[in-house]
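To start, the structure itself, in structure tokens.
Number of protein chains: 2
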Amino acid sequence: MSTAARTPQQDRSRATRRRLLEAAVECLAELGWNGSTVAVVAERAGVTRGAAQHHFPTREDLFTAAVEHVSAERLAAVRVDADQLPPPGPARTEAVVELIVRLYTGPLFRAALHLWVAAATEPALAERIVALEDRVGRESHRAALEFLGVDEGADGVRESVQATLDLARGLGLANLLTDDAVRRAGVVRQWSRMLQSALDGQAR
Amino acid sequence: MSTAARTPQQDRSRATRRRLLEAAVECLAELGWNGSTVAVVAERAGVTRGAAQHHFPTREDLFTAAVEHVSAERLAAVRVDADQLPPPGPARTEAVVELIVRLYTGPLFRAALHLWVAAATEPALAERIVALEDRVGRESHRAALEFLGVDEGADGVRESVQATLDLARGLGLANLLTDDAVRRAGVVRQWSRMLQSALDGQAR
Numbered sequence: 001m002s003t004a005a006r007t008p009q010q011d012r013s014r015a016t017r018r019r020l021l022e023a024a025v026e027c028l029a030e031l032g033w034n035g036s037t038v039a040v041v042a043e044r045a046g047v048t049r050g051a052a053q054h055h056f057p058t059r060e061d062l063f064t065a066a067v068e069h070v071s072a073e074r075l076a077a078v079r080v081d082a083d084q085l086p087p088p089g090p091a092r093t094e095a096v097v098e099l100i101v102r103l104y105t106g107p108l109f110r111a112a113l114h115l116w117v118a119a120a121t122e123p124a125l126a127e128r129i130v131a132l133e134d135r136v137g138r139e140s141h142r143a144a145l146e147f148l149g150v151d152e153g154a155d156g157v158r159e160s161v162q163a164t165l166d167l168a169r170g171l172g173l174a175n176l177l178t179d180d181a182v183r184r185a186g187v188v189r190q191w192s193r194m195l196q197s198a199l200d201g202q203a204r
Numbered sequence: 001m002s003t004a005a006r007t008p009q010q011d012r013s014r015a016t017r018r019r020l021l022e023a024a025v026e027c028l029a030e031l032g033w034n035g036s037t038v039a040v041v042a043e044r045a046g047v048t049r050g051a052a053q054h055h056f057p058t059r060e061d062l063f064t065a066a067v068e069h070v071s072a073e074r075l076a077a078v079r080v081d082a083d084q085l086p087p088p089g090p091a092r093t094e095a096v097v098e099l100i101v102r103l104y105t106g107p108l109f110r111a112a113l114h115l116w117v118a119a120a121t122e123p124a125l126a127e128r129i130v131a132l133e134d135r136v137g138r139e140s141h142r143a144a145l146e147f148l149g150v151d152e153g154a155d156g157v158r159e160s161v162q163a164t165l166d167l168a169r170g171l172g173l174a175n176l177l178t179d180d181a182v183r184r185a186g187v188v189r190q191w192s193r194m195l196q197s198a199l200d201g202q203a204r
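Heads up: the protein sequence lines correspond to chains A and B, in order.
According to full-length UniProt numbering, the residues represented by the first sequence are 1 to 204, in order.
According to full-length UniProt numbering, the residues represented by the second sequence are 1 to 204, in order.
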């Protein structure tokens, strides 16, 4: 549907939905799963609780959709930044690792982590989060391959890229309670060298 | 204090304390922070709630001590296993990475993760968990250096070992909601090759 074809009411509905999704991720990141009720999110988004429930019938619907929406937005923003990456070589590899690690060390990762850990003890949430993480994980993996400009068919490349995403998750966790930026910078630099060597075929 | 010098009452008290600590980690891993009350842990340990509160005045005391105690026990067990490691070289490096990753993908990590994430929104917990993670992190780092038999003074070695621990945390997170063993085996194999190259001086 093109912008021109939408009615003002549809535009308002879309804007409300978007405000709810963004507020939901902010609440999760700041207040955790326990503190993030639909009422709290509706208030932050400036909409009534009834309007929130019209868009998202359950709490699980709201937060799963929120993490998926914000992940897609962040990845789209990263794709724009990726146009400015240096040409292939060590500088590009380090810049790509930094881009990926930045994705996993901000409020979005913090929100996803709260949802993920809540899902470990809430079966109603677990099934949806597993499916969500699978989709987001695939998208991140595809983007990383693209940014690095490498061929997944080469021996060890797929696992090297997966290790990069696992490392980014670990660094995200290490940044949850304290500002880990200084230590992380050293790890990212060294990891980038190791990844470059692996992509060059020296560690496959 | 030697075993011979302890009275039967002191022995009983130590045994009760240990049962509480082990039950606390089991509860956290299975039920998460919300489900893990002192009463639930006392019941699982087969002690009265009063006895539990005698040993650990607050819920925060109990769970922080529990993760610290079980971490120390697991690391001691890993040290025993480390005696069976192959001589220095690629096989040893892979075996060490496997040992470390195993530490971060079992119930202890699951318990620690619940505590860690709860601490993000509970200031009373956060200060203690930051200190705890600092101690456990240092111990794990020291053990990894020892098992690998490498010198932290060499360029990039410290960061390579830190990256291994960060990767292990990321793999632990990826194992929270689904059994990630098959994918993880490939990542561990590739990471071990990359780490070996770095320790050999090819990626510093």
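We put the beta carbon where it would ideally sit given N, CA and C, even for glycine.
In whole angstroms, give me the CA-to-CA distance for aspartate 61 of chain A and leucine 21 of chain A.
C-alpha separation (whole angstroms): 10 Å.
Out of B/Leu199, B/Arg184 and B/Gly32, which one is the CA nearest neighbour of tyrosine 104 of chain B?
Of the candidates B/Leu199, B/Arg184 and B/Gly32, B/Arg184 places its Cα closest to the Cα of tyrosine 104 of chain B.
Does threonine 16 of chain A pass the burial test, meaning 16 or more other C-beta atoms within 10 Å, or should it be called exposed?
Classification of threonine 16 of chain A: buried, given that the 10 Å Cβ count is 16 or more.
In terms of residues, what are the limits of the alpha helix (DSSP H) holding alanine 95 of chain A?
Residues 90-103.
Return helix, strand or coil for asparagine 34 of chain B, following the three-state DSSP convention.
In the structure shown, asparagine 34 of chain B sits in a helix (DSSP, three-state: H, G or I).
Three-way DSSP call (helix, strand, coil) for phenylalanine 109 of chain B in this model:
Helix, per DSSP.
Secondary structure at aspartate 200 of chain A, three-state DSSP: helix, strand or coil?
Here aspartate 200 of chain A sits in coil by DSSP.
With three or more beta-carbon pairs closer than 8 Å as the criterion, would you say the stretch 140-154 of chain B touches the stretch 162-173 of chain B?
Output reads yes: the stretch 162-173 of chain B touches the stretch 140-154 of chain B.
Mapping DSSP to helix, strand and coil, what is methionine 1 of chain A?
With a pLDDT of 48 at methionine 1 of chain A, under the threshold of 50, the modelled position of that residue is not reliable, and no figure is offered here.
Taking three-plus beta-carbon pairs below 8 Å as touching, is the stretch 173-180 of chain A in contact with the stretch 116-127 of chain B?
Yes: at least three Cβ pairs fall under 8 Å.
Whose C-beta lies closer than 6 Å to the C-beta of arginine 12 of chain A among residues of the same chain, with five residues either side of it excluded?
Excluding sequence neighbours, arginine 12 of chain A sits near nothing in its chain.
DSSP three-state assignment for glutamate 60 of chain B, whether helix, strand or coil
Annotated three-state conformation of glutamate 60 of chain B is helix, per DSSP.
Identify the contact partners of histidine 114 of chain A in chain B, using a Cβ-Cβ distance below 7 Å as the criterion.
Scanning chain B for C-beta atoms nearer than 7 Å to the C-beta of histidine 114 of chain A yields Val117, reported in chain order.
Within-8 Å CB hit, leucine 31 of chain A to chain B:
Under the Cβ criterion of 8 Å, leucine 31 of chain A is counted among the residues facing chain B.
Would you call the CB atoms of alanine 24 of chain A and valine 41 of chain A closer than 8 Å?
For the pair alanine 24 of chain A and valine 41 of chain A, the CB atoms are nearer than the 8 Å cut-off.
Determine, using beta carbons only, whether isoleucine 129 of chain A comes closer than 8 Å to chain B.
At least one chain B Cβ lies under 8 Å of isoleucine 129 of chain A.
Presumed contact (8 Å Cβ cut-off) between phenylalanine 147 of chain A and alanine 82 of chain A, rounded CB distance:
5 Å between Cβ atoms; contact.
Of the listed residues B/Ala72, B/Ser71 and B/Ile100, nearest to leucine 85 of chain B (C-alpha basis)
Out of B/Ala72, B/Ser71 and B/Ile100, the CA that lies nearest to the CA of leucine 85 of chain B is found in B/Ile100.
If you measure between the beta carbons of alanine 163 of chain B and valine 157 of chain A, is that distance less than 8 Å?
Alanine 163 of chain B is not a Cβ neighbour of valine 157 of chain A, given a cutoff of 8 Å.
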